[in-house]
Amino acid sequence: MRVVMVLCALAVCHAQTFDDIKIERIAANYGFTEGPVWSKEGLLLFSDVPSNRIMKFTPGEGTSRWRENSNGANGNAIDEKGRVYSCESRTRRVVRSDKKGSVEVLAEKYQGKRLNAPNDIVVAKGGHVYFTDPAFGAQADTRDLDFYGIYHLSPKGELNLVAKPKGRPNGVALSPNGKILYVVNSDERNVRAYDLEKNGAPANERILISDINGVPDGLRTDEKGNLYIAAKHLEIYTPEGKFLREIEVPEKPSNLAFGDADFQGLYITARTSVYRIRLDVNRAVYY
């Protein structure tokens, strides 16, 4: 296990300080890591997309395989019942796995046409699900839909289109109170925000963060509402969209998730590895 020291000047981040950050590599030698999410069982799940599997990391025990033949699973999320939601890029669908390993298809078509390649996903209180559907690389040559989409899947299973951005949508997250949906746009290098109504429907679309350094991918929020964005490096912004600081990661980060028993560990998937940094702020709880 390798520890990389990153010495940072003192900064205040809505009760978070970064005076001495240690970046610890907790898993390595993968094809491309993505979709980290912390399970209530005390372990981290993450996708190894090229190897077509979902891995699990248990502190003190290391990594092992959680799901084989994941159909190119990318983004993952967990609901209040502990069920795992995955975006399968190869089968172009969103699925949910229960604790017994049974897999249920939640979404695969919109208006009769197959989705492009679901990428990232988040589950809100009450079972409202939001996911992005861009098309990267060869996916763009085989898609049925002529647009990139951001979708809302209601607890009743109704699939509704949130937006059709010109650029490709990627990472998704929610504010701590679950009332704001954040969506990264990799092509436009920005983050859009949507207010969520009581029925889960989005409203008041706006650009919250612009001109992100590098191509942004996944993002997460903490209990203070700060946004952590995986881009060229790890970038941190206030809930108002003000830039706070940048933390260098040994490899280009792809996504993030808060974990550990106190949820003050920030796990970062980055190309061939998974890293962890310890913070003095907790995750945002959506449910």
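The sequence shown runs -14 to 272 under the numbering used here.
All C-beta atoms, glycine included, are put in the ideal place defined by N, C-alpha and C.
(Q) Taking DSSP's pairing of strands, which residues face Asn175 in a bridge? (A) For Asn175, which the question treats as bridged, DSSP gives the partners Asn170.
Q) Taking all protein chains shown into account, do 16 or more other C-beta atoms lie within 10 angstroms of the C-beta of Glu19, making it buried, or fewer, making it exposed? A) Answer is buried; the Cβ neighbour count reaches 16.
Q | Test: Asn14 CB closer than 9 Å to a CB of chain C | A | Given the protein chain composition of this structure (a single chain), no chain C is represented.
**Q.** Secondary structure of Lys110, DSSP reduced to three states
**A.** In the structure shown, Lys110 adopts helical secondary structure according to DSSP, grouped into three states.
Q: Could you tell me if Pro35 is buried or exposed, where buried requires 16 or more neighbouring beta carbons within 10 angstroms of its beta carbon?
A: Exposed is the call here.
Q | Nearest-angstrom beta carbon gap, Ile197 and Ile214 [assumed within contact, 8 Å] | A | Between Ile214 and Ile197 the beta-carbon gap is near 6 Å, inside 8 Å, which marks them as a contact.
Q: Look at the alpha carbon of Asp265 and the alpha carbon of Ala109, and state the distance between them as a whole number of angstroms.
A: Cα to Cα, Asp265 sits roughly 24 Å from Ala109.
Q.
To the nearest angstrom, how far is the alpha carbon of Tyr179 from that of Phe228?
A. Roughly 20 Å between the two C-alpha positions.
Q) Is it true that the CB of Gly60 sits closer than 9 Å to the CB of Ser49? A) In terms of Cβ geometry, Ser49 and Gly60 do not form a close pair [threshold 9 Å].
Q | Opposing strand residues paired with Asp207 [DSSP bridges] | A | Paired residue(s): Arg268.
**Q.** Leu219, enclosing beta strand (DSSP E) - first and last residue
**A.** Residues 219 to 222.
Q. Using the C-alpha atoms, what's the distance from Leu166 back to Arg256?
A. Each residue's Cα considered, the two are about 26 Å apart.
Q.
On the DSSP letters alone, give me the boundaries of the beta strand (DSSP E) that Val79 sits inside.
A. Boundaries of the beta strand (DSSP E) around Val79: 78 to 82.
Q: Could you check what DSSP says for Ala125 in three-state terms: helix, strand or coil?
A: Correct three-state label for Ala125: helix.
Q) Who does Asn155 pair with in a DSSP beta bridge? A) According to DSSP, Asn155 bridges with nothing at all.
Q. With distances taken from CA atoms, which of Gly16, Ala13, Phe17, Leu28 is nearest Asp247?
A. Of the listed residues, the one whose Cα sits closest to Asp247 is Leu28.
Q) Using DSSP with H/G/I as helix, E/B as strand and the rest coil, what is Gly134? A) Here Gly134 sits in strand by DSSP.
Q. If you compare alpha carbons, which of Arg174, Val90, Val80 is closest to Lys217?
A. Relative to the Cα of Lys217, the nearest Cα in the group Arg174, Val90, Val80 belongs to Arg174.
Q.
Would Asn56 and Ser82 be called neighbours here (beta carbons separated by less than 9 Å)?
A. In this structure, Ser82 does not lie closer than 9 Å to Asn56 by Cβ.
Q.
Using a 10 Å radius around the Cβ and a threshold of 16 neighbouring Cβ atoms, would you call Val90 buried or exposed?
A. Classification for Val90: exposed.
Q: Spell out the partners DSSP gives Ala148 in its beta bridges.
A: DSSP output for Ala148 lists Ile135 as bridge partner(s).
Q) DSSP on Ala246, reduced to helix/strand/coil? A) The three-state reading of DSSP puts Ala246 in coil, since its state is none of H, G, I, E or B.
Q | Pairwise C-alpha distance: Asn104 and Pro238 | A | When only Cα atoms are considered, Pro238 and Asn104 end up about 15 Å apart.
Q) Where does Arg316 fall in DSSP's three states? A) Summary: the structure shown does not reach residue 316, with the chain confined to residues -14 through 272, and so no result is reported for it.
Q: Out of Tyr95, Val157, Arg177, point me to the one whose CA is closest to Leu274's CA.
A: For residue 274 there is no data in the structure shown, the boundaries of the chain being -14 and 272.
Q: Taking Tyr260 as part of the beta strand (DSSP E), name the residues at either end of that continuous run.
A: Looking at the DSSP string, the run of the beta strand (DSSP E) that includes Tyr260 is 258 to 263.
Q | Terminal residues of the beta strand (DSSP E) in which Phe228 lies | A | Taken as a continuous stretch (DSSP letters only), the beta strand (DSSP E) holding Phe228 covers 228 to 232.
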